[in-house]
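*Asks:* The opening position of the sequence shown corresponds to residue 1 in my numbering, with each subsequent residue numbered one higher. Take this structure first; my questions come after.
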Amino acid sequence: MAGVWILLILALSHSLVTVQMEQSCPLGFGTAQHGCEDIDECEDDGNPFRICGQKALCVNTIGSFFCQCEKGFQSSTTRTVNFTFESSAKCVDINECSEIKGICGPNAKCSNTISNYSCSCEQGFISSTGVASFRQENNVTCRDRNECLEGNVCGMNASCINTEGSYYCVCNPGFKLKSGKSNFTGDLDQCEDICMIDKTICGNGTCHHGATGYYCACHAGFTNYGNKKSSCTELDCSVFKDINKLKEKFSVVKDDMMQLNKSCLELIESENPKNLSGEDLLTLLLSLIDKLLSSGILNDNRKVSTFLNLVELALGFIGPFTTAMETKRTSAQTELELLVHKGSVLPRGARTLSSKYAQLNIELEVAAGDPSYYPGFTTASLLSYSNFEDSVNGFFSAMKPDEGQSFKINSKVVTVTVSNRNTSHLKEPITLTFQHIIQTNETSHTCVFWDSSEESEGGSCFAVLMALYEIEDKFELQLITWVGLSLSLICLFICILTFSMIRSIQTPRTTIHLHLCISLFIATLIFLTGIAQTDNRVGCAVVAGMLHFFYLAAFCWMCLEGIQLFRMVVLVFNTHFKTMYMMAGGYGVPAVIVTISAFVNHRGYGTEK
């Protein structure tokens, strides 16, 4: 029995020793025969992946362990490869495409995969090694792919043009797309003969296909001004149709008119007009105008109409042949500014043409007209005549003057031309600004144009018309004014004498009455003598200012009269004003008002007339 107790005591002693040894080992260590020993947490369950999760390896360390993500993965919390078990992190795929900017280089796109990535060239580029997929470490670059070398990518009647990363096709001269686009890509579009696609491309002409593209052969009476790719438009040379009659009317310029007629006919009769110099023709035209205006033969309206039609026609066909975009010419009788824009693109923007006495503001779109009939050029001209107003004065049959009224041209006459064939309905207004010959404010002015025919809806020749009388006052009204104001002056003068000379009635009230009469007397006298003196603007302004002052003074003295009566009724003692206070109210207040008015708006006194 004693042996059993001994064995029990030994067992308890061993257990106590073992517990004490385990309590003495740190975390991550276990007991061994000779002390503490590291615990390999990664081998506890026999599966090193289970303790750290998917795509992670468990790595044991002395007294501890950590988890390590496989290649291409990282911790979901720390964004690093290693993490601890306590962080509750897991391994997630690294998106190299978003985290490493430009990883594939220029002209390449990145595709992310699980634990990896791949690069491929963008459309229009190929890799330097020819492979379809690559990585950064392969040192592969993407270079432009020349699609134009890969067979007939544009089809018939088109040329291929390579660009960085792409290409496009353009039609050969004489061909275009039905869609109207200037270029295309792929084989869905096809270039076709322009003459077959657009039957109206030549306007009043026939379209032909040549080695350098299409060209237009104009019908009789039409021209494209030497530009074979422009639409044919009508050129009316009818002003020269009876050249013999013109020579009789304008004998002094018969040779010049013959030359202009020859040039006009050459444009509508010859397919290839040659030897037409816009500068030479312009010199010829200005010389013709000088001779006609200085000769004085433009003495009836028919000659004037013929002359203006001739000038308008000549400017119309000379403009396209000038080489400079802007031409300015001055002669003895004229001043000309001519604007020419050439090209396939319709011009846009505002322009200003000017001479010494007139200015023209015009939008180039208005000068060009309908884009569907654009002839390949746009012209606008402003021609100012030096003394032409003397020839056209008196031809005002279309005007309806009042009784006793007459008209006179009060500006230089100008001719305005544009290449737009339809000027009856303009999208934007054309503005003409004239300078008056006679600077006067006593008449009304009207902008007029020369009407060559009764059927015309407008014109190209303009001037400013001046009415030579202004509306006069009726004599009866003037008589009533003179008589009435004269009687008022007499009565006011009698009142002034009465209030100032009879001492027995002089009181503060009569003093107010005296100054009221003085104010009305002076105001009436100024009105009667100065209201019609408007020749001098300064004198007129002085008269207006004085009238303003004295009529205000009259109202102020009437106001003082009312205040004086109030004081006499309500107050028993001290009912009278001091003279100084009355003067300040009667004349000081109006003076302040007039001074402020003159300072704020000094032009308010007087009249524009």
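Glycine included, every Cβ here is placed at the ideal spot set by N, Cα and C. All figures in this text were calculated on a predicted structure; none of them were measured in a lab.
In this structure, how does DSSP classify H341 when only helix, strand and coil are distinguished?
*Replies:* In the sequence shown, residue 341 corresponds to position 341, counting from 1. In the structure shown, H341 sits in a strand (DSSP, three-state: E or B).
*Asks:* Taking C-beta to C-beta, are F449 and Y357 nearer than 8 angstroms?
*Replies:* Here residue 449 refers to the residue found at position 449 of the sequence shown. Here residue 357 refers to the residue found at position 357 of the sequence shown. Against a cut-off of 8 angstroms, the Cβ pair of Y357 and F449 comes out as no contact.
*Asks:* With respect to the alpha helix (DSSP H) encompassing N301, which residues constitute its N-terminal and C-terminal limits?
*Replies:* The residue you call residue 301 lines up with position 301 of the sequence shown. Residues 301-318.
*Asks:* Among the residues of its own chain, which have a CB less than 7 angstroms from the CB of S64, if the five just before and after it don't count?
*Replies:* Position 64 of the sequence shown, counted from the first residue, corresponds to residue 64. These residues qualify, in order along the chain: G28.
*Asks:* Can you give the beta carbon distance from V413 to F388, rounded, assuming they're within the 8 angstroms contact cut?
*Replies:* Within the sequence shown, residue 413 is the residue found at index 413, counting from 1. Within the sequence shown, residue 388 is the residue found at index 388, counting from 1. Their Cβ separation, rounded to whole angstroms, is 4 angstroms, which keeps V413 and F388 in contact under 8 angstroms.
*Asks:* With H, G and I counted as helix, E and B as strand and the rest as coil, what does DSSP make of L336?
*Replies:* Counting from 1 along the sequence shown, the entry for residue 336 is found at position 336. Reduced to three states, the DSSP call for L336 is strand.
*Asks:* With the cut-off set at 8 angstroms, would you say T334 and D290 are in Cβ contact?
*Replies:* By one-based count along the sequence shown, residue 334 stands at place 334. By one-based count along the sequence shown, residue 290 stands at place 290. Yes, the Cβ-Cβ distance between T334 and D290 is below 8 angstroms.
*Asks:* Assign A467 to buried or exposed, taking buried as 16 or more other Cβ atoms, counted over all protein chains shown, within 10 Å of its Cβ.
*Replies:* Numbered from its first residue, the sequence shown carries residue 467 at position 467. Residue confidence for A467 is low, a pLDDT of 48 falling below 50, so the modelled location carries little weight and cannot support an answer.
*Asks:* Answer with buried or exposed for V543, where buried requires no fewer than 16 other C-beta atoms within 10 angstroms of its C-beta.
*Replies:* The residue labelled residue 543 in the question sits at position 543 within the sequence shown. When all chains shown are included, V543 counts as buried.
*Asks:* Do you know how far the Cα of L336 is from the Cα of G221?
*Replies:* As a working mapping, residue 221 is identified with position 221 in the sequence shown. As a working mapping, residue 336 is identified with position 336 in the sequence shown. Each residue's alpha carbon lies about 28 angstroms from the other.
*Asks:* What is the DSSP secondary structure of E150, counted as helix, strand or coil?
*Replies:* What you label residue 150 is simply residue 150 of the sequence shown in a count that begins at 1. Correct three-state label for E150: coil.
*Asks:* Apart from the five residues on each side of it in sequence, which residues of its chain come closer than 6 angstroms, Cβ to Cβ, to A89?
*Replies:* Sequence index remark: in the sequence shown, residue 89 carries index 89 (1-based). Answer for A89: S75, S76, T77, F83, listed in chain order.
*Asks:* In the DSSP assignment, find the unbroken alpha helix (DSSP H) run with N261 in it and report its ends.
*Replies:* Counting from one through the sequence shown, the residue named residue 261 turns up at place 261. Element bounds for N261: 254-269.
*Asks:* Around the Cβ of N420, are there at least 16 other Cβ atoms within 10 angstroms (buried) or fewer (exposed)?
*Replies:* Sequence index remark: in the sequence shown, residue 420 carries index 420 (1-based). Counting Cβ neighbours within 10 Å, N420 comes out buried, since at least 16 surround it.
*Asks:* Out of Y605, R135, G174, state which residue places its alpha-carbon closest to the alpha-carbon of G539.
*Replies:* Working through the sequence shown from its first residue, we reach residue 539 at position 539. Comparing Cα positions, the closest option is Y605.
*Asks:* Tell whether a beta-carbon distance below 8 angstroms holds between L338 and S287.
*Replies:* Position 338 of the sequence shown, counting from 1, holds the residue named residue 338. Position 287 of the sequence shown, counting from 1, holds the residue named residue 287. Going by C-beta atoms, L338 is not nearer than 8 angstroms to S287.
*Asks:* At which residues does the beta strand (DSSP E) containing Q68 begin and terminate?
*Replies:* The residue labelled residue 68 in the question sits at position 68 within the sequence shown. First-last of the beta strand (DSSP E) with Q68: 64-69.
*Asks:* Among C491, T595, T233, whose alpha-carbon lies nearest the alpha-carbon of H548?
*Replies:* Counting from one through the sequence shown, the residue named residue 548 turns up at place 548. With distances taken between Cα atoms, H548 lies closest to T595.
*Asks:* Quick check on R329: does DSSP put it in helix, strand or coil?
*Replies:* Here residue 329 refers to the residue found at position 329 of the sequence shown. Strand at R329.
*Asks:* Compute the Euclidean distance between the alpha carbons of T524 and V570, then round it to the nearest angstrom.
*Replies:* The residue given as residue 524 occupies position 524 in the sequence shown. The residue given as residue 570 occupies position 570 in the sequence shown. In a straight line, the C-alpha of T524 is about 35 angstroms away from that of V570.
*Asks:* Going by beta-carbon coordinates alone, are I292 and F250 separated by less than 8 angstroms?
*Replies:* In the sequence shown, residue 292 corresponds to position 292, counting from 1. In the sequence shown, residue 250 corresponds to position 250, counting from 1. A small fix is needed here, since residue 292 is Leu in this sequence, not Ile. Cβ distance < 8 angstroms, so L292 and F250 count as in contact.
*Asks:* Taking the alpha-carbon positions, what's the V340 to E326 distance?
*Replies:* Here residue 340 refers to the residue found at position 340 when the sequence shown is read from its first residue. Here residue 326 refers to the residue found at position 326 when the sequence shown is read from its first residue. For V340 and E326, the distance between alpha carbons rounds to 6 angstroms.
*Asks:* Counting only the same chain and skipping the five closest in sequence on each side, list residues whose C-beta sits under 6 angstroms from that of N361.
*Replies:* Position 361 of the sequence shown, counting from 1, holds the residue named residue 361. Closer than 6 angstroms at the Cβ level, and outside the excluded window around N361, lie T352, T431.
*Asks:* Would you please state the rounded distance, in angstroms, between the beta carbons of K55 and C91? I believe it to be under 8 angstroms.
*Replies:* Looking up residue 55 in the sequence shown gives position 55. Looking up residue 91 in the sequence shown gives position 91. About 4 angstroms; that satisfies the 8 angstroms criterion.
*Asks:* Looking at G226 and C216, is the spacing between their C-beta atoms short of 8 angstroms?
*Replies:* Along the sequence shown, read from residue 1 onward, the residue named residue 216 stands at position 216. Along the sequence shown, read from residue 1 onward, the residue named residue 226 stands at position 226. No, the pair does not count as a contact, with Cβ atoms beyond the cut-off.
*Asks:* Assign V252 to buried or exposed, taking buried as 16 or more other Cβ atoms, counted over all protein chains shown, within 10 Å of its Cβ.
*Replies:* Against the sequence shown, residue 252 aligns to sequence position 252. V252 is exposed by the Cβ-count criterion.
*Asks:* DSSP has F222 in a bridge; who is on the other side?
*Replies:* Taking the sequence shown and counting its residues from 1, one reaches residue 222 at position 222. Beta-bridge pairing links F222 to E234.
*Asks:* Give me, in chain order, the residues of the same chain whose beta-carbon lies closer than 6 angstroms to that of S391; leave out the 5 immediate sequence neighbours on both sides.
*Replies:* Numbered from its first residue, the sequence shown carries residue 391 at position 391. Taken in chain order, the residues that qualify are L298.
*Asks:* Out of curiosity, what's the CA-to-CA distance linking S597 and S411?
*Replies:* Position 597 of the sequence shown holds residue 597. Position 411 of the sequence shown holds residue 411. Using only the alpha carbons, I get a separation of about 37 angstroms.
*Asks:* Excluding the 5 residues preceding and the 5 following N162 in the sequence, name in chain order all residues of the same chain whose CB lies nearer than 7 angstroms to its CB.
*Replies:* The residue you call residue 162 lines up with position 162 of the sequence shown. Excluding sequence neighbours, N162 sits near N146, E147, C148.
*Asks:* Are V239 and L310 closer than 8 angstroms when you measure CB to CB?
*Replies:* To locate residue 239, count along the sequence shown from 1; it is residue 239. To locate residue 310, count along the sequence shown from 1; it is residue 310. Yes; because the gap between Cβ atoms is below 8 angstroms, this pair is in contact.
*Asks:* Around the C-beta of K228, are 16 or more other C-beta atoms found within 10 angstroms, so that it is buried, or is it exposed?
*Replies:* In the sequence shown, counting from the first residue as 1, residue 228 sits at position 228. Per the 10 Å Cβ criterion, buried.
*Asks:* Indicate the three-state DSSP secondary structure (helix, strand or coil) for E22 in the structure shown.
*Replies:* Here residue 22 refers to the residue found at position 22 of the sequence shown. For E22, the pLDDT reaches just 49, beneath the cut-off of 50, and the residue's location in the model is therefore unreliable, leaving the point undetermined.
*Asks:* So, at 7 angstroms on beta carbons, what are the nonlocal neighbours of E164 in its own chain, with the 5 sequence-adjacent residues on each side left out?
*Replies:* Position 164 of the sequence shown holds residue 164. The residues are D144.
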